[in-house]
Amino acid sequence: MLADALLEGLNPEQQEAVQTTEGPLLVLAGAGSGKTRVLTNRVAWLIGVCGIAPEAILAVTFTNKAAGEMKARVEKALGPDARGVWLSTFHSSCVRILRAEIGHLGRSRGFVIYDEDDSLALVREALRRHGQDPKEEARRLRWRIDQWKNAGLLPAQAAERAEDLESEESAEVYATYQRLLAEANALDFGDLLLLTVELFERFPAVLRHYQERWQYVMVDEYQDTNRVQYRLVNQLAAAHRNLCVVGDPNQSIYRWRGADVRNILDFERDFPDAKVVALHRNYRSTQRILSGAGAVVENNPGRPPKRMVTDRGDGDRIVVYAARDDRDEAQFVVRGILDAVRERGHSYGQCAVFYRTNAQSRTIEEELLKYDVPYVVVGGVRFYERAEVKDALSYLRLIVNPADGAAARRIVNRPARGIGKTTLERAEAIAAERGLPLLEAFRAIANEESGRAGTAVRGFVTLLDSLEAEVREALPADAIARVLDRSGYLRALEAEGTPESEARVENLKELLLGAEDFAAANAGEESGRSPLEQFLDQVALVSDLDSAELRDDRVSLMTVHSAKGLEFPIVYVVGLEEGVLPHQASTKDPRAVEEERRLCYVAMTRAMERLALTWAHERRRYGSRSFGTPSRFLAEIPAALVERLGAPDWEAEARDDRPAYDYSYDQSRGSRSGGGSEEGGVTKGMRVRHPIFGYGSVLEVIGSGPGQALRIRFDRAGVKKIIVRYANLELG
DNA sequence: CCTCGGTGATTTTTT
DNA sequence: ATCACCGAGG
Numbered sequence: 003m004l005a006d007a008l009l010e011g012l013n014p015e016q017q018e019a020v021q022t023t024e025g026p027l028l029v030l031a032g033a034g035s036g037k038t039r040v041l042t043n044r045v046a047w048l049i050g051v052c053g054i055a056p057e058a059i060l061a062v063t064f065t066n067k068a069a070g071e072m073k074a075r076v077e078k079a080l081g082p083d084a085r086g087v088w089l090s091t092f093h094s095s096c097v098r099i100l101r102a103e104i105g106h107l108g109r110s111r112g113f114v115i116y117d118e119d120d121s122l123a124l125v126r127e128a129l130r131r132h133g134q135d136p137k138e139e140a141r142r143l144r145w146r147i148d149q150w151k152n153a154g155l156l157p158a159q160a161a162e163r164a165e166d167l168e169s170e171e172s173a174e175v176y177a178t179y180q181r182l183l184a185e186a187n188a189l190d191f192g193d194l195l196l197l198t199v200e201l202f203e204r205f206p207a208v209l210r211h212y213q214e215r216w217q218y219v220m221v222d223e224y225q226d227t228n229r230v231q232y233r234l235v236n237q238l239a240a241a242h243r244n245l246c247v248v249g250d251p252n253q254s255i256y257r258w259r260g261a262d263v264r265n266i267l268d269f270e271r272d273f274p275d276a277k278v279v280a281l282h283r284n285y286r287s288t289q290r291i292l293s294g295a296g297a298v299v300e301n302n303p304g305r306p307p308k309r310m311v312t313d314r315g316d317g318d319r320i321v322v323y324a325a326r327d328d329r330d331e332a333q334f335v336v337r338g339i340l341d342a343v344r345e346r347g348h349s350y351g352q353c354a355v356f357y358r359t360n361a362q363s364r365t366i367e368e369e370l371l372k373y374d375v376p377y378v379v380v381g382g383v384r385f386y387e388r389a390e391v392k393d394a395l396s397y398l399r400l401i402v403n404p405a406d407g408a409a410a411r412r413i414v415n416r417p418a419r420g421i422g423k424t425t426l427e428r429a430e431a432i433a434a435e436r437g438l439p440l441l442e443a444f445r446a447i448a449n450e451e452s453g454r455a456g457t458a459v460r461g462f463v464t465l466l467d468s469l470e471a472e473v474r475e476a477l478p479a480d481a482i483a484r485v486l487d488r489s490g491y492l493r494a495l496e497a498e499g500t501p502e503s504e505a506r507v508e509n510l511k512e513l514l515l516g517a518e519d520f521a522a523a524n525a526g527e528e529s530g531r532s533p534l535e536q537f538l539d540q541v542a543l544v545s546d547l548d549s550a551e552l553r554d555d556r557v558s559l560m561t562v563h564s565a566k567g568l569e570f571p572i573v574y575v576v577g578l579e580e581g582v583l584p585h586q587a588s589t590k591d592p593r594a595v596e597e598e599r600r601l602c603y604v605a606m607t608r609a610m611e612r613l614a615l616t617w618a619h620e621r622r623r624y625g626s627r628s629f630g631t632p633s634r635f636l637a638e639i640p641a642a643l644v645e646r647l648g649a650p651d652w653e654a655e656a657r658d659d660r661p662a663y664d665y666s667y668d669q670s671r672g673s674r675s676g677g678g679s680e681e682g683g684v685t686k687g688m689r690v691r692h693p694i695f696g697y698g699s700v701l702e703v704i705g706s707g708p709g710q711a712l713r714i715r716f717d718r719a720g721v722k723k724i725i726v727r728y729a730n731l732e733l734g
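At position 437 of the first sequence the residue is numbered 439 (my numbering), and the sequence of numbers has no breaks.
Have a look at this one:
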C-alpha cells in the first residue's frame, strides 16, 4: 500500500530512482524534474517498504531550507517513524560528528563556529604576526585559505604545492591562522568539513563506526560539492556502497566557491557499476521556455545535455526586451508585473525578478516603490551578519567560550566604554606574548594597570564576569535580553535616536523572538550541551531567520544564485548584457563564461509560464554611465522562440562580429547623443578606451564642441591630453 | 578615544 | 553611487 503511494504519480524514471536502493546510483535531475520528490520518496521507500532503520540513512543537502523541506515531506509520508534519519546539511552533519569525535584530533568539543567576519579578523591577526600589513592582503588570503580548505588541503599540503615565494608565505600564514583558530577553540566553515575528513582519514576505527551506521547515503545537489565534500561522501559510503547522488551538471554555479563539477561528471568512473537514471521530463515550464534555456546551455562544450521535455504546452514566446537604459528596463518589468496582476489574475507572489549582482536590485526597487508594488528582496545582508546581531551574539559566545578572541575583540568596546585601539593593541600584544586568549589579556590589563584604560578594562571584565554567572545556564532569549540590558548596549542604541539605530533595535527584538522560537522548538533535545550552546550552533549554521521570505503577496527580487531551486509563474531576468551576464570578471576565462551560461540557464528554467529577458543600452554602473551590448546568451536563443520588444533590431548587428552599437567618438558620428549635450558626453571620472593607450579615466574635460579635449589618466600610459575629435575614443 | 572626510574598490555566497 | 577603511584633528 505504502509502496503504491510512494510510486503514485511518478514517471518511470522517477520510479526507478526511488526503487533502486542498492549500489551506487546517479540521478541526473534536470531543472524542474521533480527531484525533491524522488529524494524524499526514496527515503520513505527505504524505511517504509524495505524496512531499513531510519538511523541507517544519511541524506545531505546544501541548505537548511532543502533539508527542512525534505524532512517535512518524509515525515508526512511516514509519520514519526522518520525521526531517526540524519537529514541535514553537510555542515551540520559535520558539526554533530565533530562534537562527538573531535577529541581524537586533540581539540575540545566545546568549539565555536567562526563565520566569515570572524575568520577575516583572524586572518588579519595572522598576517600581523608575520609582520605583514593586513590591509590589502587579508581579504585575498582569507579567500585563498578558503579555497585550500575546499580543495581539502591542510597548511602542510598547501605549502608542499606552493610554487612561488608568495604562495609559500601564504601557506605559512595559513598555518598560523589554523593555530590561532585552535587557540580560540574555533572552527571556520571550511574546517567543519576538512577536519571531519581528516578525522576519518587518521582514525579508521572512527570512520568505520559511521560507515557501519549509515548503510544508505544520499547527496543532493551533487554538482555543487567541492573536493572535501566529495571525499567525505566517498569515505562514508565506501563500506556499503549504497550511495545515491542527485544533481544536474547544467546547474553547477558554485565553481568560484570551490565546487567541482567533475565530482558528478566522474561518478560513473568512480563507480563503474553505477546505475544512471536521467530525469528529463519537466513538470515546471512551458516548452518554449525549456527549449530556449536548453539552446543556451547547449553552447557549453562537453556532452550535450539531454533535451528536456514538458507536457505543459508551448506557452508564450520568451520576451526579449531591449531597454533604452536601466530605468526603462525597470519600468518595463514593473509594467509587466502590474499587467499580470491586474489583467491576468496573477498575484504579486507569482512574479520574480532575477539579476546577476545585488547592486542591480536598486533600480528595480525604486520603480516598484513608485508604483506601490509590494516586494521582498531575498538575500542581501543576512540577518545574523548584521552588526548589532553579531554584537549581541558575541557576548554570548564569549561567555560560553572565553577563548573566543573574535568575540572579545568585537564587544570589548561596544557599546563605547573607552577601550580604544591603543588598549586593544596592547591586549593583543600581551595575548601573543604570553600565549593567552584575548579575554585573559584584558584581565591582565585590568589587574596590572591603574590609569584610565585600566579602569575601563576593569569595568568590562567585571561586566562579563557577572553576566557569565547570570546567563550561562539561562535560556537563549533570557540570556540575550540580559546581555543587552546589563551591557548598556540597548540603552546606547536607543539614545542615538536615528532611523538607523531604531532599525537596529528592531533587529535585536527580532533576534529575541528568534531565540524564543528556538527554545520552544528545541526543548529537551540533545544531551550535554546547554541551551545557549545549542542556540549558538544553530545561528552559526543557519543562513537566515529561515523561512518567511517568499510571500504570496510580494514580488520576489533576488540574484540568480539565490533563485536556484525555486520556481515562479512569471520571471523577469534583467541585465542580459555583456559584462553583466556574463559578468565582466568572468569574460576572460572560458570556464567562467561556461558557468555564467549555466547561470543564465538556471535563471530561465525558474519560469513556469512567462519569461522575459531584458537588456539595456545604457546603465548606471559604479556611479557613472556605461553602454552595453546584448548578452551573447540572447543570441543563442532560437529566434522562433522569441518575441522581441523595445529598441531596434540588435540581433542583426549582434550577428556581426562587431559590437551591436558603435559608440565611438569619431568626427563622423560625434558623440552618440548628437554632440554637445551632457546626455552622452564625456564627463569627469568616466572610463574610456583609446586605440593606442588603452583604458583610462577622464580627469578633466577641457572645452566643448569640436575642439574639446580631455585629460586622461591611462592605466598603463600615464596622464595625457587628448583631443576628442581625433582620438577615436570608446567608452569602456 | 571619537568623528569626519578622503581614498579605493566594486560578482555570485547554500554553510 | 556607495560603502568600508584609514588617518588626521577635536
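The C-beta atom is built at its ideal place from N, Cα and C for all residues, glycine as well. Just so you know, these numbers come straight off a predicted model, no measurement behind them.
Going by beta carbons, L245 and V208 fall outside the 7 Å limit. Nearest neighbour of E331 by Cα position, chosen from I639, R623, E645 and H619, turns out to be H619. Within the DSSP secondary-structure output, I320 pairs in a beta bridge with V644. Annotated as distal: L559 and V247, with beta-carbon spacing of 7 Å or more. Look at H93 here: in three-state DSSP terms it is helix. Around L440, the same chain offers G407, A410, R411, A429, E430 and A433 as residues with beta carbons nearer than 7 Å, after the five sequence neighbours per side are excluded. Closest option to Q237, judged by alpha-carbon separation, among P251, Q225, Y256 and E214: E214. Contact check for L80 against I115 fails: the beta carbons are separated by 7 Å or more. Under a 10 Å Cβ-count criterion, Y574 is classified as buried, with 16 or more other Cβ atoms of the shown protein chains found around its own Cβ. The criterion of a C-beta distance shorter than 7 Å is satisfied by D262 and N228. Counting other Cβ atoms within 10 Å of its Cβ, N449 stays below 16 and is therefore classed as exposed. Sequence-distant partners of G249 (beyond 5 residues in either direction) whose C-beta falls short of 6 Å from its own C-beta, in its chain, are E223, Y224, Q225 and I266. By the CB criterion at 7 Å, L568 and G294 fall outside the cutoff.
Classified as exposed, L371 has fewer than 16 neighbouring CB atoms from the shown chains inside 10 Å of its CB.
Shown here for A123: same chain residues with a beta carbon closer than 7 Å to its own, the five before and five after excluded, namely A408 and R411 in chain order. Contact between the stretch 304–323 and the stretch 30–39 is present: 3 or more CB-CB pairs across the two stretches fall below 8 Å. With fewer than 16 other Cβ atoms from the protein chains shown falling within 10 Å of its own Cβ, E10 counts as exposed. Annotated three-state conformation of I447 is helix, per DSSP. DSSP places Y357 inside the beta strand (DSSP E), whose first and last residues are C353 to Y357. Counting only runs of 3 or more residues that sit fully inside the stretch 43–79, the beta strand (DSSP E) segments are 59–63, in chain order. Note on geometry: alpha-carbon atoms of A522 and A471 lie some 23 Å from one another.
In this chain, the beta strand (DSSP E) harbouring G249 covers L245 to G249.
Straight-line spacing of the CA atoms in F444 and V463 works out to 7 Å. Beta-carbon to beta-carbon, L601 and L578 are separated by about 11 Å, too far to satisfy the 8 Å threshold. Of the candidates E24, L465 and L701, L465 places its Cα closest to the Cα of R416. The secondary-structure analysis by DSSP pairs K277 across a beta bridge with L27. DSSP places H563 in the uninterrupted alpha helix (DSSP H) bounded by V562 to A565. Cβ-Cβ separation between L182 and E127: approximately 6 Å, consistent with a contact (criterion under 8 Å).
Residues D262 and N265 of the same chain have their beta carbon placed closer than 8 Å to that of Y232, with the five preceding and five following residues left out of the count. Note that the C-beta distance between I54 and A342 is not below 7 Å. In the displayed model, G581 falls within a strand according to three-state DSSP.
The C-beta distance from N509 to E390 rounds to 6 Å, short enough to fall under 8 Å. Counting only the Cα atoms, L197 lies some 10 Å from V230. If you draw a straight line from the Cα of P56 to the Cα of V76, it comes to about 11 Å. For L514, the closest of A497, V485 and Y176 by C-alpha to C-alpha distance is V485. The count of Cβ pairs closer than 8 Å, one atom from the stretch 274–292 and one from the stretch 606–613, reaches three, so the stretches are in contact.
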